[in-house]
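All remarks here apply to the structure that follows.
Protein chains in written order, with my numbering: chain A, 4 to 111; chain B, 6 to 119.
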């Protein structure tokens with residue numbers, strides 16, 4: 004069963020805008036990861052944040068983690084058309100458990 | 006850059022037929038995973054191998070699905086007989102022992118059961 008809930012399910016923005024996606028989970032985690040999936044392709048690992056970290060950056064990506072609220076957010080700044088993809092959070096416990104994903108569309 | 010290889014990329018079969026998918030992980034990755042991803046959902050783990058041993062197959066429908074990794078390198082996932090509900094993307098991933106939390110995914114096999 005899916006253990007991560009993502010919000011929104013779909014997001015459409017213009018190029019240059021920022022995109023924020025949220026993820027909530029139900030049980031304790033070792034770490035939380037974000038993956039990107041282009042249509043019909045495999046997943047690409049974006050960033051991992053450990054349970055004792057609150058914020059992490061990688062290029063145009065910023066991830067936050069609030070373990071008290073059991074939630075995480077992924078911010079993509081200055082979005083590009085090439086960022087159009089589905090984004091999944093994944094909780095790391097005994098196995099990697101993915102959420103339902105957010106479909107991001109960046110319009111040129 | 007090393008990648009996880011999967012074949013075939015697409016497979017169309019009729020229900021009750023047998024299908025098999027192949028995965029070759031990144032060289033040196035001891036852990037191999039098979040996931041099923043239904044359209045519009047996230048991937049769900051079917052089976053996890055550590056070298057040639059199964060470490061987690063709790064979500065694998067064992068009445069019709071089987072997986073093997075005989076030499077601890079490449080792996081095969083089989084479905085026999087296929088059912089309509091098996092239509093999905095089947096993803097293979099691998100990871101290093103020292104970085105088990107970072108998984109590298111192959112392009113997947115899109116299965117359509119008619």
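Ideal Cβ placement from N, Cα and C applies to all residues, glycine included. All of these numbers come straight from a predicted model, not from anything done at the bench.
Query, Result
"CA nearest to the CA of residue 33 of chain A, picked from A:10, A:78, A:107 and A:99", "A:99"
"Contact residues within the segment 38 to 51 of chain A, judged by C-beta distance below 9 Å to chain B", "38, 40, 43, 44, 45, 46, 47, 48 and 51"
"Nearest residue (CA-CA) to residue 111 of chain B, options A:53, A:39, A:110 and A:25", "A:39"
"Any chain B beta carbon closer than 8 Å to residue 77 of chain A", "no"
"Rounded distance between the beta-carbons of residue 95 of chain B and residue 41 of chain B, thought under 8 Å", "6 Å"
"Residue interval of the beta strand (DSSP E) (run including residue 49 of chain B)", "49 to 55"
"Distance between residue 97 of chain A and residue 77 of chain B (C-alpha atoms, nearest Å)", "21 Å"
"Whole-angstrom C-beta distance between residue 111 of chain A and residue 81 of chain A, which should lie under 8 Å", "So it is not a contact: roughly 14 Å between Cβ atoms."
"Residue 30 of chain B burial status per 10 Å Cβ neighbour count (16 or more: buried)", "buried"
"Residues near residue 4 of chain A in its chain [Cβ-Cβ closer than 6 Å; skip 5 each side]", "Note that residue 4 of chain A has pLDDT 42, beneath the 50 cutoff, so the model's placement of it is unreliable and no number is given."
"Contacts of residue 64 of chain A in chain B (Cβ-Cβ under 7 Å)", "Those within 7 Å of residue 64 of chain A in chain B number zero; the least Cβ separation is about 15 Å."
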